[in-house]
Amino acid sequence: MAVTDFIAAIELGSSKITGIAGKKNADGSIQILAYASEHSSDCIKKGIIYNLDKTTQCLTSVIQRLEDQLQASIKKVYVGIGGQSLRSIRNIETKQLGEEVKISQALIDELMKSNCSMNLIDQEILAVEPQEYKVGNQLTTEPVGIPTEHIEGHYVNIIARNTLKSNIRQCFRQAGCEVADYLLSPLVTANVVLTESEKRAGCALVDFGADTTTVSVYKNNFLRHVAVIPLGSSNITKDIASLQIEEEDAEQLKLNYASAYTESAEEEDMNQEYVLDGRCSIRARKLEDIVEARTAEILENAWNQIKLSGYGNELNAGIVITGGASRLPNLCKAFTAITKIDKIRIAQSGNVELKDEEQYVTPNGSQNTLIGLLAAGKENCCKIDPHKSQLSWLQQQEEEEEAKKKAEEERKRKEEEAKRLKAEAERKKQLEEERIRQEQERAQKRLRDCEALIAEAKRLAERKKYKDALAKIEEAQDLKISEKMQELNDLRAAISQQKSDNNPLKKLINILKNEADEMMKGEN
Numbered sequence: 001m002a003v004t005d006f007i008a009a010i011e012l013g014s015s016k017i018t019g020i021a022g023k024k025n026a027d028g029s030i031q032i033l034a035y036a037s038e039h040s041s042d043c044i045k046k047g048i049i050y051n052l053d054k055t056t057q058c059l060t061s062v063i064q065r066l067e068d069q070l071q072a073s074i075k076k077v078y079v080g081i082g083g084q085s086l087r088s089i090r091n092i093e094t095k096q097l098g099e100e101v102k103i104s105q106a107l108i109d110e111l112m113k114s115n116c117s118m119n120l121i122d123q124e125i126l127a128v129e130p131q132e133y134k135v136g137n138q139l140t141t142e143p144v145g146i147p148t149e150h151i152e153g154h155y156v157n158i159i160a161r162n163t164l165k166s167n168i169r170q171c172f173r174q175a176g177c178e179v180a181d182y183l184l185s186p187l188v189t190a191n192v193v194l195t196e197s198e199k200r201a202g203c204a205l206v207d208f209g210a211d212t213t214t215v216s217v218y219k220n221n222f223l224r225h226v227a228v229i230p231l232g233s234s235n236i237t238k239d240i241a242s243l244q245i246e247e248e249d250a251e252q253l254k255l256n257y258a259s260a261y262t263e264s265a266e267e268e269d270m271n272q273e274y275v276l277d278g279r280c281s282i283r284a285r286k287l288e289d290i291v292e293a294r295t296a297e298i299l300e301n302a303w304n305q306i307k308l309s310g311y312g313n314e315l316n317a318g319i320v321i322t323g324g325a326s327r328l329p330n331l332c333k334a335f336t337a338i339t340k341i342d343k344i345r346i347a348q349s350g351n352v353e354l355k356d357e358e359q360y361v362t363p364n365g366s367q368n369t370l371i372g373l374l375a376a377g378k379e380n381c382c383k384i385d386p387h388k389s390q391l392s393w394l395q396q397q398e399e400e401e402e403a404k405k406k407a408e409e410e411r412k413r414k415e416e417e418a419k420r421l422k423a424e425a426e427r428k429k430q431l432e433e434e435r436i437r438q439e440q441e442r443a444q445k446r447l448r449d450c451e452a453l454i455a456e457a458k459r460l461a462e463r464k465k466y467k468d469a470l471a472k473i474e475e476a477q478d479l480k481i482s483e484k485m486q487e488l489n490d491l492r493a494a495i496s497q498q499k500s501d502n503n504p505l506k507k508l509i510n511i512l513k514n515e516a517d518e519m520m521k522g523e524n
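Counting in our numbering, the sequence shown runs from 1 upward without gaps.
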């Protein structure tokens, strides 16, 4: 069934252009509806488009594949902006009021307008993150209503090369798709990776990508600094490939054996080698040196940006690492060795609950920006066919709602049936347990009755009431207690023998027999 209500987003990465479509649910979760990607290493470098035609082809392919999965046309998409030229600069705008007046929202807007008009060469402001306002000698985040003679507005302006946005706009125009909004990749990534407490306490987000590493610093819920380092995990691959190894094999060696940090061993096999399907090999120590050296360079640059922010000593929530390269083993140990910060976590998934994502998204850190773009989107991105009447579209919407209603009713029916079956099974279980308990009680009672009859038979036998004793034994045998049957048989035989021995006629016969035997002996 065609989907007519969804949000679509595209991330222009240095290794892949990825697109995603999803629908926001009432509970805040996002249902993933479609996903597509195309390799972009031959048209995007360091997050910047350098081949417009190839980028347009990739975009067209990604959008078409999303539409095929959605069975609907995409009118517009949300696009992430990042790349090497992205960075933040601080600016302070002051206003001397001459006399004490109450600060108004119009005055705050005037300061913002003045901030946005700052002169930049070959750069443009993509976003502004207002910081605190200095009113008199006090810093505040809500200055409106405070009387003062002097106010300072502190801002963090996020800027980039002025061709960055225009190239993106041109590629989407050629692909026949509108841009719903340009969203800053570092901001949307932080929104789905960092918690509010981490932003408030102070933390640094390091997005370790393929060609670039983005560093964002937060404190008191404000973005304080952002910078893009033109180094990423692909640099590690290229360093390995410099040993006359094919780049594909170098990437596989990195994924299979690389580690960001290796503990020094007392006994180390200097001749150990890593072999890749017989195609190539590399000494383990050599691979460790290459990977650790390049990783250390990237992390040292990231740490330097954190220190440049001025908040290096105020990261009470530590450092959070995300991005595709965050899967590199022992990355936290390597960063701790450089920064001496122990509070470091890897964020391979975000804090947005996803549904039906198994076939689309792998939680490995590389999709967090894409999910952030999707989560930030607000408008329906579906393109309504103009050849269909509005009534036809509404009917389709009603049919979809009816189908959802039926599906929900079926789900509830199945849940009720499952509950009923579970209750029935529990009832049967309880009945069976009660039956077993009663049988055990009856068996115990028969055993006690049997033992009482045996005791009575023995008592009667001692009193030479053999007939009554044998009757008690027969009564006990009728109870059919298997473990007592042998004892009853032995007791019956013993009583029968005792009865026979005490028979008067038999005694007389035995006396006469003995006397006859004596007479015979005398004659002889």
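Positions of the beta carbon are idealized from the N, C-alpha and C atoms, including for glycine.
All values reported here derive from a predicted model rather than from experimental measurement.
Check	Outcome
Just how far apart, CA to CA, sit Val228 and Lys414?	52 Å
Once the 5 residues before and after Val217 are set aside, which same chain residues still bring their CB inside 7 Å of it?	Ala204, Arg224, His225, Ile306, Ser309 and Tyr311
Cutting at 6 Å between CB atoms, please list the residues of its own chain near Val206, excluding the five before and the five after it.	Val215, Ala302 and Ile321
Which term fits Cys116, buried or exposed, when burial requires 16 or more other beta carbons within 10 angstroms of its beta carbon?	exposed
What does DSSP give as the partner residue(s) for Cys382 in the beta ladder?	Ile74
With a cut-off of 8 Å on the beta carbons, I'd call Ile81 and Leu126 a contact; round off their distance for me.	6 Å
Taking just the CA atoms, how far does Lys465 sit from Ile454?	14 Å
Return the chain-ordered list of same chain residues with a C-beta closer than 6 Å to the C-beta of Ala210, the five sequence neighbours on each side being excluded.	Ser14, Ser15, Gly232, Ser233 and Ser234
In whole angstroms, what is the alpha-carbon distance linking Ile17 and Glu178?	17 Å
Do three or more CB pairs link the region 133–152 to the region 70–77 at distances below 8 Å?	no
Residue ranges of each beta strand (DSSP E) run of no fewer than 3 residues wholly in the region 99–160, ordered along the chain?	123–135 and 138–140
Mark Ser389 as exposed unless 16 or more other C-beta atoms lie within 10 angstroms of its C-beta, in which case mark it buried.	Confidence at Ser389 is low in this model, with a pLDDT of 45, below 50, so the placement of that residue should be treated as unreliable; the coordinate-derived value is given next. Flag for Ser389 reads exposed.
Output the distance between the C-alpha atoms of Ala284 and Ile344, rounded to the nearest integer angstrom.	27 Å
Just the Cα atoms here: how many angstroms apart are Lys165 and Ser185?	13 Å
Can at least three beta-carbon pairs, one atom from the region 238–252 and one from the region 31–50, be found at a separation below 8 Å?	no
For Lys192 and Ala36, I'd like the C-alpha separation in whole angstroms.	Checking the sequence shown, residue 192 turns out to be Val, not Lys. Using only the alpha carbons, I get a separation of about 21 Å.
Can you find at least 3 beta carbon pairs, one from the region 54–70 and one from the region 246–254, that sit closer than 8 Å?	no
Provide the residue span of the beta strand (DSSP E) that contains Phe208, from first to last.	Cys203 to Phe208
If you reduce the DSSP assignment to three classes, tell me which class Ser37 lands in.	strand
Name, in chain order, the residues that DSSP records as bridge partners for Lys45.	Ile48
Between which two residues does the beta strand (DSSP E) containing Val228 stretch?	Phe222 to Ile229
DSSP three-state call for Thr163: helix, strand or coil?	helix
Report the CB separation of Gln533 from Val156 in whole angstroms; it is logged as a contact under 8 Å.	Absent from the model: residue 533. The displayed extent of the chain is 1 to 524, so no value can be given.
Can you tell which of Arg442, Ile481, Leu447 and Ile495 has its C-alpha closest to the C-alpha of Ala457?	Ile495
At the level of alpha carbons, what is the spacing between Arg173 and Asn162?	18 Å
Have a look at Gly318 and Glu198 and give me their C-alpha separation to the nearest angstrom.	8 Å
Taking the alpha-carbon positions, what's the Gln527 to Gln348 distance?	Nothing can be reported for residue 527: it is not among the residues displayed for the chain, which extend from 1 to 524.
Tell me which same chain residues have a C-beta within less than 6 Å of the C-beta of Ile92, skipping the five on either side of it?	Glu152 and His154
Any beta-carbon of chain D closer than 7 Å to the one on Met270?	The question asks about chain D, but that chain is absent: this structure has only one protein chain.
Taking Cβ positions, are Ile7 and Cys382 nearer each other than 7 Å?	no
Which value, in whole angstroms, describes the spacing of the CA atoms of Leu70 and Glu424?	42 Å
From which residue to which residue does the alpha helix (DSSP H) around Ala375 run?	Asn368 to Ala376
Assign Glu358 to one of three DSSP states: helix, strand, or coil.	coil
Restricting to Cα atoms, I'd like to know which of Cys450, Leu66 and Asp342 is closest to Lys472.	Cys450
Excluding the 5 residues flanking Ile168 on each side, which residues of the same chain have their C-beta closer than 8 Å to its C-beta?	Leu12, Ile49, Val79, Ile81, Val179 and Tyr182
Ignoring anything shorter than 4 residues, give me the alpha helix (DSSP H) runs that lie fully in the region 245–282, in order along the chain.	247–257
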